[in-house]
Structure formats: C-alpha cells, structure tokens
Amino acid sequence: AAEGYYDIRRVAAQRDSVLRQWALLTGLVGARRTRLEQNLALQKVFQEMVYMVDWMEEMQAQLLSPECGQHLVEADDLLQKHGLLEGDIVAQSERVEALNAAALRFSQLQGYQPCDPQVICNRVNHVHGCLAELQEQAARRRAELEASRSLWALLQELEEAE
1 AAEGYYDIRR VAAQRDSVLR QWALLTGLVG ARRTRLEQNL ALQKVFQEMV
51 YMVDWMEEMQ AQLLSPECGQ HLVEADDLLQ KHGLLEGDIV AQSERVEALN
101 AAALRFSQLQ GYQPCDPQVI CNRVNHVHGC LAELQEQAAR RRAELEASRS
151 LWALLQELEE AE
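The sequence shown begins at 1 in UniProt numbering and counts up by one.
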C-alpha cells in the first residue's frame, strides 16, 4: 500500500463509473429488446394477414364455380355446401377484424413505431377490402344457387303436374 497501487478513491471512482455504464448499457439493451419484440409482433400480424388474404383468394376461387346443379337434389346439395362456406367466411371475418384491430394498435404507438403507420393502414384497408369482396361474391353465389334451386323445383312441379 506504501507504493500507492491501491488508491481507494480512484478504484471506487472507476467502480462507480463501470456500474453507471453497466446500468446504461442494460437500459439500452432492454429498450432495444422492447423495440424488437414490437417489430416481431407486428410482423406476425402482417404474416397472419397474408395467410388470411391467401385463404380469401382460395374461397373466391370456390365461389366462382359455374356449377349450379343439374337437378333439384344437386342444387340443394350445392346450397347446403355454400351455407358451410358462408359459415367459414363469417368465422374468418371475426378473425380478420381482430387482426386489423391488432395491426391498427401498432399505428397508434407513442415513441418508437415498428412501421410507418400509413403502411399499416394500407394493409388493413387491403385485407378489409378483400373480405368485403369475398362477402359480396358469396352473396352473389347464394343468389345464383337459390335461383337454380327455384328453377329445378319449378321444373319438378311441372313434371309432377303432367
């Protein structure tokens, strides 16, 4: 200790400096982790939106079928299958609304925003538009199938009347 190797004030000051820098570093790492988690959560929502749009495109392909039935039983069967499709669309539309709400929450964050709010709004509008288009197509398809069923029912009644 006589040589001055153990200057307690200098050692304590260096220790305090290291502890302050460590606290700053852990704070920065924590903030970075939070930003990365927000970004990951938003990317997961975006990926779910892509899956939903893909699903809606598959449903539209089914709804564009020209098949309306060759007789009353087939028309009834197609109407029943269409009812199941409509049920799927209703169930998935709830999921779409939940996804859109989750995405919009990211556009209203204060401070760090994982994505430009306009990009988020554009994606939400796109998914919402795809859903509206799918619902319109389902309504048109139902009208076609009901018209076909009515025609076959009428033809069957005429046949029975003869």
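Note that CB positions come from ideal geometry on N, CA and C, so glycine has one too.
Could you give the DSSP three-state label for Tyr51: helix, strand or coil?
-> helix
query = How big is the Cα-Cα spacing for Ala1 and Ile8?
reply = Interpretation of Ala1 is limited by its pLDDT of 49, a score under 50 that renders its predicted location unreliable; the figure taken from the coordinates is listed afterwards. Distance between the alpha carbons of Ala1 and Ile8 is about 10 Å.
Exercise for the section: Inspect the beta-carbon positions of Gln60 and Leu134 and report whether they are closer than 7 Å. Expected result: yes
**Asked** Is residue 175 buried or exposed, if buried means 16 or more other CB atoms sit within 10 Å of its CB?
**Response** Outside the shown range of the chain, which is 1 to 162, sits residue 175, and nothing can be said about it.
Q. Quick one, are the C-beta atoms of Asn100 and Val73 less than 7 Å apart?
A. no
7 Å is my cut-off, CB to CB: does Gln92 come that close to chain D? Looking at the structure shown, chain D is missing, and only one protein chain is on hand.
(request) Please list, in chain order, all residues of the same chain as Met56 whose beta carbon is under 7 Å from its beta carbon, the five residues on each side excluded. (result) Cys130, Leu131, Leu134
| said: Let's test the definition: count the other Cβ atoms within 10 Å of the Cβ of Arg33 and tell me whether it reaches 16, buried, or not, exposed. | reply: exposed
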